[in-house]
Amino acid sequence: AQRVTQPEKLLSVFKGAPVELKCNYSYSGSPELFWYVQYSRQRLQLLLRHISRESIKGFTADLNKGETSFHLKKPFAQEEDSAMYYCALSPGGYQKVTFGIGTKLQVIP
Amino acid sequence: DAEITQSPRHKITETGRQVTLACHQTWNHNNMFWYRQDLGHGLRLIHYSYGVQDTNKGEVSDGYSVSRSNTEDLPLTLESAASSQTSVYFCASSEGGVGKNEQFFGPGTRLTVL
C-alpha cells in the first residue's frame with residue numbers, strides 16, 4: 004500500500020527566506036505526485052503535479068525516485084504563501100489518491 | 015463553469031441523529047470521494063466511488079455510508095451521529111485515468127455533533 008509522509012506539521016519561515024516542505028513516499032511502482040494547497044477558510048486546490056514539471060506561484064517540486072521524495076521549494080517566501088500544504092500520491096489509473104497529514108506553512112513578516 | 019458544491023456548509027446536530035451531507039459536481043467526473051479533515055490527521059478518506067452504483071470504503075468508513083445513483087451526486091450519510099464525527103468534511107471528484115487524477119474539491123461542510 005502507498006504511504007505519504009510529511010514530517011513537519013508546522014514550518015515557520017521569515018518573509019524572503021527559502022522554503023522547503025518535505026514529502027517522502029513509499030510505493031513500489033511509478034506514482035503520480037501532487038502538491039495541494041489550502042489557504043485559510045478555502046477549499047483545497049492543486050498547486051502542482053510532478054508530470055507537468057512547472058513552477059506555480061514560484062514553487063517547484065522535483066520527483067526524486069532514488070530518495071522517494073517530492074519536496075516543495077520556493078526561493079523567497081511571501082506572506083501570501085501562508086497556508087496548509089498537502090503532498091499526495093496517486094498510483095495512476097482509476098485508483099484513489101493518498102494524502103499526507105499536511106504541513107502548515109507560516110511566513111513571518 | 016464546471017464546479018463541485020457541498021451543502022450544507024455548516025451543520026449542528028445531536029448525538030444519535032441521522033445526517034446527510036450533499037455533494038454535487040458538474041465536471042461529469044467518474045470518481046468522487048469523501049474526506050474528513052481533522053487537526054493532526056490531515057485528510058482521511060471515508061468513502062469513494064468510481065462510477066454509478068460503485069461505492070468503496072476508505073480508511074475511516076465506520077459510521078458512514080454513501081450511495082451513487084447518478085454521476086453528479088455522492089451524498090454522505092452519518093447513520094447515527096457521534097461526537098467523534100465532529101469534523102470538516104470535503105467532497106472531491108476526479109476524471110480518473112493516467113494523468114487525470116487531479117482532484118477537485120468542494121468548499122467543505124463543517125459538522126458539529128453535540
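Heads up: the protein sequence lines correspond to chains S and X, in order. Going from the first sequence to the numbering used here is simple: count from 1 and add 3. Going from the second sequence to the numbering used here is simple: count from 1 and add 14. Cβ atoms here follow ideal geometry from the backbone N, Cα and C, with glycine treated the same way. In this text the structure is predicted, and so the values were computed from the model without any measurement.
| Item | Value |
| --- | --- |
| Can you confirm whether the segment 26–35 of chain X touches the segment 40–49 of chain S when touching is taken to mean that 3 or more C-beta pairs between the two stretches lie within less than 8 Å? | no |
| At a cut of 8 Å, does the segment 28–37 of chain S reach the segment 87–103 of chain S through at least three beta carbon pairs? | yes |
| Counting only C-beta atoms, is residue 49 of chain S closer than 9 Å to chain X at any point? | yes |
| Give the straight-line distance between the Cα atoms of residue 103 of chain X and residue 124 of chain X, rounded to the nearest whole angstrom. | 6 Å |
| Can you tell me which of the three DSSP states residue 98 of chain S falls into? | coil |
| Spatial neighbours of residue 99 of chain S within its chain, please: CB distance less than 8 Å, with the 5 preceding and 5 following residues excluded, ordered by chain position. | 93 |
| Work out the CA separation of residue 111 of chain S and residue 12 of chain S for me, nearest whole Å. | 16 Å |
| Which of the residues in the segment 74–91 of chain S, read from start to end, lie with their CB under 7 Å from any CB of chain X? | 89 |
| Determine, using beta carbons only, whether residue 39 of chain X and residue 17 of chain X come nearer to each other than 9 Å. | yes |
| Does any C-beta atom of chain X lie closer than 9 Å to the C-beta of residue 5 of chain S? | no |
| Check the Cβ-Cβ distances between residue 103 of chain S and every residue of chain X, and say whether any is below 9 Å. | yes |
| At what residues does the beta strand (DSSP E) containing residue 29 of chain S begin and finish? | 27–29 |
| Is the CB of residue 22 of chain X under 9 Å away from at least one CB in chain S? | no |
| Might you give, ordered along the chain, the residues of its own chain that have their beta carbon closer than 8 Å to the beta carbon of residue 23 of chain X, omitting 5 neighbours on each side? | 121, 122, 123, 124 |
| Within 9 Å (strictly less), CB to CB, does residue 62 of chain S reach chain X? | no |
| Name, please, each residue of chain S whose Cβ falls closer than 9 Å to the Cβ of residue 17 of chain X. | Near residue 17 of chain X there are no residues of chain S at all, since even the closest Cβ is about 11 Å away, more than 9 Å. |
| Label residue 66 of chain S either buried or exposed according to how many other C-beta atoms from any shown protein chain fall within 10 Å of its C-beta, with 16 as the threshold for buried. | buried |
| Helix or strand or just coil, what does DSSP make of residue 98 of chain X? | helix |
| Is the beta carbon of residue 43 of chain X closer than 9 Å to that of residue 110 of chain X? | yes |
| Is any beta-carbon of chain S found at less than 9 Å from that of residue 108 of chain X? | yes |
| Check distances from the C-beta atoms of the segment 64–82 of chain X to those of chain S and list, in chain order, the residues that come in under 7 Å. | 64 |
| Decide yes or no for the touch test of the segment 74–88 of chain S against the segment 75–87 of chain X: beta carbon pairs closer than 8 Å, at least 3 of them. | no |
| How would you write the range of the beta strand (DSSP E) that residue 23 of chain S sits in, first residue to last? | 22–24 |
| Determine the DSSP secondary structure at residue 83 of chain S, reduced to helix, strand or coil. | helix |
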